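For the sequence shown, this note's numbering assigns the number 1179 to the initial residue and increments by one for each residue that follows.
We put the CB at the ideal spot given by N, CA and C, even for glycine.
Computed from a prediction, not measured in an experiment: that's the story for all the values here.
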Amino acid sequence: MIKGIPKSDITTRPFEVYKEWSFSSSELAPRYGIEGEPYYTDEDDEQIPQTALYHSIKRQFYEDSDRASLLSEVGRRRNYASKDERVLDGDIAVIALSQAHYGEGILPKSVELEFGQTELTDDGYSNLIDSDETIHGNVFYDRGIIVVTKDVDVEADTLDGYILTYRSTMTIYENEYLIVIKEHEFNASQNPSAVDENKNIKKDFLDYQYSSSLDPTGSYLTPFVSTIGLYNDQNEMVAVAKLPKSIKCYPDYPMNFIVRLDT
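Structure (structure tokens):
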């Protein structure tokens, strides 16, 4: 017994969910960048990847910060006229998260970064700040990138032993299906005892009122609904809803069921 569900009876509502993560330098090593010429002719020079990282970060997030605007700059700002929110020193440290670990983006104001005697949090405007609200770097929420720009010493491995906690963001959807069963629908019993063995036909509800009055707690020929299956256009079952209690499907009035599932 299958029935189509009109689109008007299907509702989809998006909402965001968050997951807390924690990483240390032993699990996710920081990468360091140093200022200098972008490229070197000596391919054996170890500074090549460090200078390349520095200039890549600078180009993406810190170029022309004095002329930045909401449309041209990645991330947020407290004030686009400020001079201290996007500043690079000579050395930087970068923690780059995989998308599997930040989803659609890092939740603003959820970042906590500790290393050495330094404790930093994000202010919700892409800035990593200490307890005095001095800016030490930036968080680029939708890229999963954290950059420490102040007091970084590459040789001393400043972020060695760091602890990072934050929350990732993901949008999921609650799908609600209104299933309407009319009086004449889903009222045929699948029980073999409901079949007339001599004529091999199913009994009907012509004497339902009389028989049900004699057996008010029994099913007689009335089916009980205990499970609802949802199918796609290819008649493949994609979801199953279990009722906490079986419900008697009466033949003389309609019934409505609401099925909710998250995707």
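If we ignore side chains and look at the alpha-carbon of each, how far apart do residue i and residue j end up?
| i | j | result |
| --- | --- | --- |
| SER1186 | LEU1408 | 16 Å |
| VAL1195 | ILE1350 | 7 Å |
| THR1229 | ILE1235 | 10 Å |
| ILE1284 | PHE1318 | 8 Å |
| GLU1198 | CYS1427 | 45 Å |
| ASP1440 | VAL1403 | 22 Å |
| ASP1267 | THR1312 | 14 Å |
| ILE1307 | GLU1282 | 23 Å |
| ASN1378 | ASN1413 | Residue confidence is low: ASN1378 scores 49 on pLDDT, short of 50, so the model does not pin down where it sits. Its coordinate-derived value is still stated next. Between ASN1378 and ASN1413, the C-alpha separation is close to 28 Å. |
| ILE1183 | PRO1422 | 22 Å |
| ASP1335 | ASN1305 | 22 Å |
| ASN1410 | ASP1310 | 57 Å |
| MET1415 | GLN1277 | 31 Å |
| ALA1419 | ALA1259 | 55 Å |
Across which residues does DSSP place residue i in a beta bridge pair?
| i | result |
| --- | --- |
| GLU1241 | Answer is none; GLU1241 lacks a bridge partner. |
| TYR1210 | ALA1271 |
| ASP1187 | None; ASP1187 has no bridge partner. |
| PRO1192 | TYR1351 |
| GLU1205 | Paired residue(s): none; GLU1205 is not in a bridge. |
| ASP1440 | GLU1352 |
| PHE1435 | ILE1357 |
Please name the residue, chosen from the options, that lies closest to residue i on a Cα-to-Cα basis.
| i | options | result |
| --- | --- | --- |
| MET1348 | ASP1320, LEU1439, LEU1306 and ARG1255 | ASP1320 |
| VAL1252 | TYR1240, ASP1308, ASP1262 and LEU1421 | TYR1240 |
| GLY1315 | HIS1279, VAL1289, ASN1365 and GLU1333 | VAL1289 |
| LYS1181 | SER1202, HIS1362, GLU1205 and PRO1286 | HIS1362 |
| ASP1430 | LYS1360, GLN1412, LYS1420 and SER1204 | LYS1360 |
| ALA1271 | TYR1232, ASP1308 and ASP1262 | TYR1232 |
| LYS1328 | GLN1277, GLU1205 and ASP1262 | ASP1262 |
| VAL1265 | TYR1344, TYR1340 and VAL1325 | VAL1325 |
| PRO1286 | LYS1420, GLN1277, ALA1278 and ASP1301 | ASP1301 |
My guess is that residue i and residue j are in contact by the Cβ rule of under 8 Å, so how many angstroms apart are they, rounded?
| i | j | result |
| --- | --- | --- |
| SER1200 | LEU1291 | SER1200 to LEU1291, Cβ: 11 Å. No contact. |
| VAL1437 | ILE1406 | 6 Å |
| TYR1280 | SER1202 | Going by Cβ atoms, the distance from TYR1280 to SER1202 rounds to 17 Å, so no, they are not a contact pair. |
| ARG1191 | GLU1352 | 5 Å |
| ARG1255 | TYR1303 | 6 Å |
| THR1189 | GLU1333 | About 59 Å; that fails the 8 Å criterion. |
| PHE1293 | TYR1340 | 4 Å |
Report all residues from its chain with a CB closer than 6 Å to the CB of residue i; omit the five preceding and five following residues, and keep chain order.
| i | result |
| --- | --- |
| ASP1331 | none |
| GLN1295 | none |
| SER1424 | PHE1402 and SER1404 |
| PRO1208 | ALA1271, ILE1273 and LEU1337 |
| LEU1206 | none |
| GLY1322 | LEU1275 and TYR1280 |
| THR1299 | GLU1290 |
Which same chain residues end up closer than 7 Å to residue i when comparing Cβ atoms and leaving out the 5 residues on each side of it in sequence?
| i | result |
| --- | --- |
| LEU1356 | ASP1187, ASN1434 and ILE1436 |
| GLU1213 | TYR1232 and GLY1268 |
| PRO1432 | VAL1358, ILE1359, LYS1360 and GLU1361 |
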